[in-house]
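Start counting the sequence shown at 25; every next residue gets the next number (our numbering). The beta-carbon is built from N, C-alpha and C at its ideal position, and this holds for glycine as well. A short write-up of the structure that comes next.
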Amino acid sequence: MKFQAYSDGEAVNFRSAMKKAGYKISSVLIWVKNQFVLGRLDYQMKHEPLLVGELESTEEVKRHQPILYGWQSKGKHPWYSDRKQSSVLEFDKPKRNADHPTMKPLELIIYLIKNSSRQKDIIGDLFLGSGTGLIASEQTWRQCRGVEFDPLYMDVIVRRYISYMQENRLQFKIYRNGEVLSEDNFHLFLKSEEKA
């Protein structure tokens, strides 16, 4: 299952991209925020849609194991909650911060992860952003495999992860360029926290 948050003005582009990537759109969830996001629209947005997509069954899919959690459209799909879940998700939007402009609430991501995966499953997050998917995976005993191309946000992700793991006294390793980063070098990431 793939969850993709997007701006409603880009709905056609996101739907088209998901279909081109081999996904059948199965649902649209609406995240209702506790406050609107200030923008240039006449009506300020207080919600954000999330597309839910199922990976279509194709010869390419049959030959490869998908990185993203999903199911083939003709197969049984995994669901780990009851049948009383609504398409309207009401979670408070994180207060504005310097980490990331579109940070998702941790509780929202945890909710989605628990409904669609089991402990020790691999969660794919191809837009790690501020690292909320990584922290949510850690809190729910999942493994996160994520990608982030922006070096600024990579620093945010690593800083948030180090802080979370240290605050909870959990063992962890950070790899940089294939080598374990020693705790003496964590300050390279934590230093940016002082500026924020």
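What separation, rounded to the nearest whole angstrom, lies between the Cα atoms of residue i and residue j?
i	j	result
L150	V52	19 Å
K43	K119	33 Å
L158	R169	8 Å
V76	Q28	7 Å
G148	I181	15 Å
R39	K197	37 Å
Q167	E80	24 Å
S154	H124	6 Å
K117	L152	17 Å
L65	D32	12 Å
Q195	I54	36 Å
E131	E203	32 Å
Y199	S206	9 Å
E162	N121	22 Å
N201	P175	13 Å
So residue i and residue j are in contact, right, with Cβ under 8 Å, and what is the actual spacing, rounded?
i	j	result
A160	I133	4 Å
K70	Y47	That pair is no contact at about 27 Å.
Beta-carbon separation of residue i and residue j under 8 Å?
i	j	result
R193	L214	no
R142	Y104	yes
L113	V56	yes
S50	P102	no
T156	I137	no
In terms of DSSP beta bridges, what is residue i paired with?
i	result
D149	G170
F27	V76
H71	V56
R200	E203
Can you tell me where the beta strand (DSSP E) with residue i in it begins and where it stops?
i	result
F38	Element bounds for F38: not the beta strand (DSSP E) but the alpha helix (DSSP H), 35-44.
S51	47-61
E203	203-205
L113	112-114
For the alpha helix (DSSP H) that contains residue i, what are its first and last residues?
i	result
E131	130-140
R193	That residue, R193, is in no alpha helix (DSSP H); it is neither H nor E in DSSP.
G157	156-163
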